[in-house]
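Scroll down for the structure; my scribbles are underneath it.
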Amino acid sequence: MLQFQQHTQQLQQLMSDMRNHMPRRSEGTDAQGAVTVQLGADGLPEAIKVASDWQRRQAPEMMGPAVVEAFGSAMSDRMERWSRAVQQSDWEARTEQFDRDIPATFTGGAAAASPPQMPERDLRYVLPRPLDEVAEDMLAALDSVDALDTDGSDRVEATGLSSGRKVALTVTKGALLSCEIDPQWASAQSSVRLNQALAEALKSAHAKLREAESARESGPTGPHLDGLFDEALAILKNPQHYAD
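See the structure below:
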């Protein structure tokens with residue numbers, strides 16, 4: 010058990026050190042140089058800047074795609090710098106050493122011990138409902154989880170708008186998904202006004218994403234499944250008591 014804990018801690022430290030090599034800031038532009046995107050440590054755009062001569066570089070209807078292109082360039086810069094930082098560190102050697110140090114317990118050796126036991130759930134204060142009700146709720150909860158896995162809706166997305174609703178940015182964790190800029194409106198705007206609208210939409214997108222992620226983490230699915238699982242275990246421990 011002690012060896013298991015030590016190797017778990019070593020693995021966690023390796024992963025933490027790997028994440029720490031990720032650049033705190035990254036930057037990229039579109040091919041025409043009309044838009045520059047700066048990324049924060051979380052991989053999301055921290056700032057979006059339009060060049061003062063953007064009309065000479067991009068058509069108004071292409072400014073939304075240019076923002077997405079600049080984001081992709083910034084992500085490429087981020088990953089290249091991270092890869093170089095990892096290669097220049099001792100992370101690979103430490104990973105190889107970790108692999109060599111894994112005892113036979115975890116590789117199926119002859120002397121392998123039984124895996125560490127999970128702590129038993131405390132069911133003293135669980136008062137299960139009738140079996141048919143628990144089973145029905147369990148199936149419904151599992152169906153909702155399966156639906157999230159199959160339709161991709163488990164990814165939390167958020168769209169932020171500028172005050173005039175002429176700019177819309179959609180983000181998810183660690184990525185900019187889309188940017189829409191009203192071309193008719195943009196054609197009459199200076200870089201200063203465009204930058205202001207992009208900043209408003211970006212601030213709104215960040216706030217909405219935080220709210221959506223917070224709501225998901227505190228949502229009913231996880232705790233609800235835990236409660237149902239406890240009810241099912243209590244019934245299994247004493248099936249005659251809870252039989253109809």
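Start counting the sequence shown at 10; every next residue gets the next number (our numbering).
No residue lacks a Cβ here, since even glycine has one placed at the ideal position from N, Cα and C.
Using a threshold of 9 Å, state whether the C-beta atoms of residue i and residue j are closer than that.
{"i": "Gly169", "j": "Ala210", "result": "yes"}
{"i": "Gln41", "j": "Gln67", "result": "yes"}
{"i": "Leu53", "j": "Leu203", "result": "no"}
Just the C-alpha distance for residue i and residue j, rounded to the nearest angstrom, thanks.
{"i": "Pro74", "j": "Ser187", "result": "8 Å"}
{"i": "Leu132", "j": "Ala243", "result": "6 Å"}
{"i": "Ser196", "j": "Asp146", "result": "55 Å"}
{"i": "Arg33", "j": "Ile190", "result": "28 Å"}
{"i": "Phe80", "j": "Thr181", "result": "13 Å"}
{"i": "Glu55", "j": "Pro192", "result": "23 Å"}
{"i": "Gln96", "j": "Arg90", "result": "10 Å"}
{"i": "Ala216", "j": "Ser172", "result": "14 Å"}
{"i": "Asp51", "j": "Met84", "result": "11 Å"}
{"i": "Gln47", "j": "Ala214", "result": "15 Å"}
{"i": "Tyr134", "j": "Arg225", "result": "27 Å"}
{"i": "Asp62", "j": "Ser35", "result": "23 Å"}
{"i": "Trp194", "j": "Asp235", "result": "51 Å"}
{"i": "Met5", "j": "Asp86", "result": "Examination of residue 5 is not possible in this model, given that the chain is present from 10 through 253 alone."}
{"i": "Arg164", "j": "Lys212", "result": "20 Å"}
{"i": "Asp198", "j": "Glu220", "result": "Looking at the sequence shown, residue 198 is not Asp but Gln. Those two C-alpha atoms are separated by around 31 Å."}
{"i": "Ala94", "j": "Ala43", "result": "29 Å"}
Can you tell me whether DSSP reads residue i as helix, strand or coil?
{"i": "Ser172", "result": "coil"}
{"i": "Gly236", "result": "helix"}
{"i": "Ser260", "result": "Summary: the structure shown does not reach residue 260, with the chain confined to residues 10 through 253, and so no result is reported for it."}
{"i": "Pro192", "result": "helix"}
{"i": "Ser85", "result": "helix"}
{"i": "Leu211", "result": "helix"}
{"i": "Asp47", "result": "The sequence shown places Gln at residue 47, rather than the Asp named in the question. Gln47 falls in the strand class under three-state DSSP."}
{"i": "Gly183", "result": "coil"}
{"i": "Leu218", "result": "helix"}
{"i": "Ser61", "result": "coil"}
{"i": "Leu178", "result": "strand"}
{"i": "Pro54", "result": "strand"}
Measuring CA to CA, which of the options is closest to residue i?
{"i": "Glu166", "options": "Ser199, Asp191 and Glu222", "result": "Glu222"}
{"i": "Met72", "options": "Gly236, Leu207 and Leu48", "result": "Leu207"}
{"i": "Gln205", "options": "Ala40, Arg174 and Phe80", "result": "Arg174"}
{"i": "Ser200", "options": "Arg34, Thr45, Arg138 and Met84", "result": "Thr45"}
{"i": "Ala60", "options": "Val135, Met88, Val77 and Asp39", "result": "Asp39"}
{"i": "Leu218", "options": "Glu142, Gln47, Thr179 and Glu78", "result": "Thr179"}
{"i": "Pro69", "options": "Asp86, Val176 and Arg87", "result": "Val176"}
{"i": "Met88", "options": "Lys212, Gly236, Gly49 and Trp194", "result": "Gly49"}
{"i": "Leu237", "options": "Gln198, Glu142 and Trp194", "result": "Glu142"}
Could you round the C-beta distance between residue i and residue j to whole angstroms and report it? I think they count as a contact, below 8 Å.
{"i": "Ser92", "j": "Gly37", "result": "With a Cβ gap of about 16 Å, Ser92 and Gly37 do not count as contacting."}
{"i": "Glu254", "j": "Pro139", "result": "The requested residue 254 is not part of the displayed model; the chain covers only 10 to 253."}
{"i": "Ile57", "j": "Val77", "result": "Rounded, the Cβ-Cβ distance is 11 Å, inconsistent with contact."}
Under the criterion of a Cβ to heavy atom distance below 8 Å, does residue i qualify as lining the ligand COA?
{"i": "Gln97", "result": "The ligand COA is absent from the structure shown, which contains no ligands of any kind."}
Looking at chain B, is there any beta carbon in it that lies within less than 9 Å of the beta carbon of residue i?
{"i": "Arg90", "result": "Absent here is chain B; the protein component of the structure consists of one chain."}
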